[in-house]
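To start, the structure itself, in C-alpha cells.
There are 2 protein chains.
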Amino acid sequence: MFLSQTAEYAIRAMSAIATLPPGELVRASDLVESTGIPPSYLSKILRRLVLAELLVSQKGKNGGFALSRPAGRIRFIEILYAVNAFPAEGRCAFGWGLCDSVKPCPLHGPWRRLKDRVQDWADNTTLAEVAEAAKFDQRVQLPTGKASGG
Amino acid sequence: MFLSQTAEYAIRAMSAIATLPPGELVRASDLVESTGIPPSYLSKILRRLVLAELLVSQKGKNGGFALSRPAGRIRFIEILYAVNAFPAEGRCAFGWGLCDSVKPCPLHGPWRRLKDRVQDWADNTTLAEVAEAAKFDQRVQLPTGKASGG
DNA sequence: TTTTCAATCGACCCCCCTATCTATTGAACC
DNA sequence: GGTTCAATAGATAGGGGGGTCGATTGAAAA
Numbered sequence: 002m003f004l005s006q007t008a009e010y011a012i013r014a015m016s017a018i019a020t021l022p023p024g025e026l027v028r029a030s031d032l033v034e035s036t037g038i039p040p041s042y043l044s045k046i047l048r049r050l051v052l053a054e055l056l057v058s059q060k061g062k063n064g065g066f067a068l069s070r071p072a073g074r075i076r077f078i079e080i081l082y083a084v085n086a087f088p089a090e091g092r093c094a095f096g097w098g099l100c101d102s103v104k105p106c107p108l109h110g111p112w113r114r115l116k117d118r119v120q121d122w123a124d125n126t127t128l129a130e131v132a133e134a135a136k137f138d139q140r141v142q143l144p145t146g147k148a149s150g151g
Numbered sequence: 002m003f004l005s006q007t008a009e010y011a012i013r014a015m016s017a018i019a020t021l022p023p024g025e026l027v028r029a030s031d032l033v034e035s036t037g038i039p040p041s042y043l044s045k046i047l048r049r050l051v052l053a054e055l056l057v058s059q060k061g062k063n064g065g066f067a068l069s070r071p072a073g074r075i076r077f078i079e080i081l082y083a084v085n086a087f088p089a090e091g092r093c094a095f096g097w098g099l100c101d102s103v104k105p106c107p108l109h110g111p112w113r114r115l116k117d118r119v120q121d122w123a124d125n126t127t128l129a130e131v132a133e134a135a136k137f138d139q140r141v142q143l144p145t146g147k148a149s150g151g
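Each protein sequence line maps, in turn, to chains A and B. Read left to right, the first sequence gives residues 2 to 151 (my numbering). Read left to right, the second sequence gives residues 2 to 151 (my numbering).
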C-alpha cells in the first residue's frame, strides 16, 4: 500500500462529506455508517481535519461536520498533509547516505520522480471530482439520512 | 510516506548491490555499512529478495549476495512485490463501500490514477539507472571493500 | 577433517500506528 | 435552568510491521 490506513480514512471521510449538499452538517455517527471507519478513531481523524481547517465543526444538538470551503477547492494534498501522510520537503525518502541537491544519492532521481508523480496527483485531485462521481453514480449509499425520500 | 520502511530498505539494499561489478558477491555485513539498515533486519529482507529470485546467495566462506540478473532487467515493481509492498489487483484501496468496475465507488477514479502512476514508475525504473547514477557519481561510498585500490 | 566464515531459520520482543473507552465541554431545544 | 445531543479531550488497550537474538546449515579454505 502506498498510503497509510489513516490517510485512506481521512480521504474517505472527506469524500463522504463532500457528497452532501454544501453547508449541511453531518454527524460523525452517520459518517461511520457510510465510510466504515471505526467510530472512535474517526473522531480523532475528523479532529485533525478540523485543525487543518479543511472541516468546520459544530458542537451540541444538530451539530456535526461540514467542508470549510467548496469541494473544488479542497485538494487531496491538503488532506494528506493534515494527517501527516506526505513526506516533508527536502528529505530523500530512500535516504541512502548523504543526499542533497549538490550530492544526490544514486536513488535521488527515482525517488524524485515518484514523489513528483504522487504530488502531482494529490495537487490536481479535488473533492469536486468525488462529489461529481457520487452524484453521477447514485447507486452509492449516501449519508443524508433519508436519501430515498423524494 | 508512500512506501513502507521495509520497501525502502529493499530498494536501498538492491541498489547497493547493483552498484557492484556484476556477479561479485557482497556480504550482508558490508551492506549494513553502505545502506544503514539494521543488521538483523537486513538479513530478513535479503532472504525475501532471494526467494523472489531477484538475488542469488552463496553460503559459507566468501559467500554473499548478488543480483540474479543484469541490473537493467530488475524493475522496482519486482522489488516492491517481493516485500509485499504493492497492492494486489482488483482491490480499491480507498475501499469505500462496494467497489468494482461495474459499480465503482466515488473514489475509484482518483485511486486508479494514483495506482497507475505509481505502477508506471515502478514498471519503468530499473536498477540500471541506479547503477549508472552511482558510477557517474563516485562520491558515494561503495561497499566494495577497498574501493580506492585501483 | 577441522576450522572458519556467512547465509539461513525459528522464535521472540517492542514500538508505534491503530483503535477504543470514558469523561467533559458546549451548543441547541424544551 | 434543565435536558439532550454531539464534538472534544485524554488516557489506555490491540496488532502488526519493524527489529533482535541465538542456533543451525553449508561452503570454502587450511
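Just so you know, even glycine gets a beta-carbon here, dropped at the ideal spot from N, CA and C.
Open item on the list: Would B:Phe3 pass as an interface residue toward chain A - the criterion being a Cβ-Cβ separation below 8 Å?
Closed with: As a position in the second sequence, residue 3 of chain B is number 2, starting the count at 1. Closer than 8 Å to some Cβ of chain A, the Cβ of B:Phe3 qualifies, so yes.
TODO: State the DSSP-derived secondary structure class of B:Arg76, mapped to helix, strand or coil.
DONE: By 1-based counting over the second sequence, the position of residue 76 of chain B is 75. Residue state, collapsed to three classes: strand.
Open item on the list: Based on DSSP bridge pairs, tell me the residues matched to A:Val27.
Closed with: Here residue 27 of chain A corresponds to residue number 26 of the first sequence, with the count starting at 1. Bridge partners of A:Val27: A:Phe66.
TODO: Can you grab the Cα-Cα spacing for the pair A:Ala134 / B:Leu81, in whole Å?
DONE: Counted from its first residue, the first sequence places residue 134 of chain A at position 133. Counted from its first residue, the second sequence places residue 81 of chain B at position 80. Taking the straight line joining both Cα atoms gives about 31 Å.
Task: Distance between A:Asn63 and B:Glu119 (C-alpha atoms, nearest Å) - done: What you label residue 119 of chain B is simply residue 118 of the second sequence in a count that begins at 1. What you label residue 63 of chain A is simply residue 62 of the first sequence in a count that begins at 1. Going by the sequence as given, residue 119 of chain B is Val instead of Glu. Those two C-alpha atoms are separated by around 42 Å.
- [ ] Ignore the nearest five residues each way along the sequence and tell me which others in A:Ala11's own chain have a CB closer than 8 Å to its CB.
- [x] Against the first sequence, residue 11 of chain A aligns to sequence position 10. Within the same chain, A:Ala11 has close Cβ partners Ile46, Arg49, Leu50, Ile80, Leu81, Ala83, Val84 and Ala86.
Open item on the list: Buried or exposed, going by whether 16 or more other CB atoms sit within 10 Å of the CB of A:Asp31?
Closed with: Here residue 31 of chain A refers to the residue found at position 30 when the first sequence is read from its first residue. Looking at its Cβ environment, which holds 16 or more other Cβ atoms inside 10 Å, A:Asp31 is buried.
Task: Whole-Å CB distance - A:Trp73 paired with A:Val27, under 8 Å assumed - done: Looking up residue 73 of chain A in the first sequence gives position 72. Looking up residue 27 of chain A in the first sequence gives position 26. The amino acid occupying residue 73 of chain A in the given sequence is Gly; Trp does not appear at that position. That pair is no contact at about 19 Å.
TODO: For A:Leu115, decide whether its Cβ has a neighbour in chain B, counting only Cβ atoms nearer than 8 Å.
DONE: Mapped onto the first sequence, residue 115 of chain A falls at position 114. So yes, A:Leu115 belongs to the interface.
Task: Closest Cα partner of A:Lys136 within the set B:Pro105, B:Ala8 and B:Leu55 - done: Position 135 of the first sequence holds residue 136 of chain A. A:Lys136 has its Cα closest to that of B:Pro105, out of B:Pro105, B:Ala8 and B:Leu55.
TODO: Could you please give the first and the last residue of the uninterrupted beta strand (DSSP E) stretch that includes B:Ser58?
DONE: Counting from one through the second sequence, the residue named residue 58 of chain B turns up at place 57. Start and end: Leu56 to Gln59.
TODO: List the residues of chain B that A:Thr20 touches, going by C-beta distances under 7 Å, in chain order.
DONE: Taking the first residue of the first sequence as position 1, residue 20 of chain A is located at position 19. Result: Pro107.
Task: Neighbour list for A:Glu130 in chain B, Cβ cutoff strictly below 8 Å - done: Start at 1 with the first residue of the first sequence, and residue 130 of chain A comes out as number 129. Gly110 and Pro111, listed in chain order.
TODO: Check the Cβ-Cβ distances between A:Thr126 and every residue of chain B, and say whether any is below 8 Å.
DONE: Here residue 126 of chain A is taken as the residue at index 125 of the first sequence, counted from 1. With 8 Å as the cut-off, A:Thr126 counts as an interface residue toward chain B.
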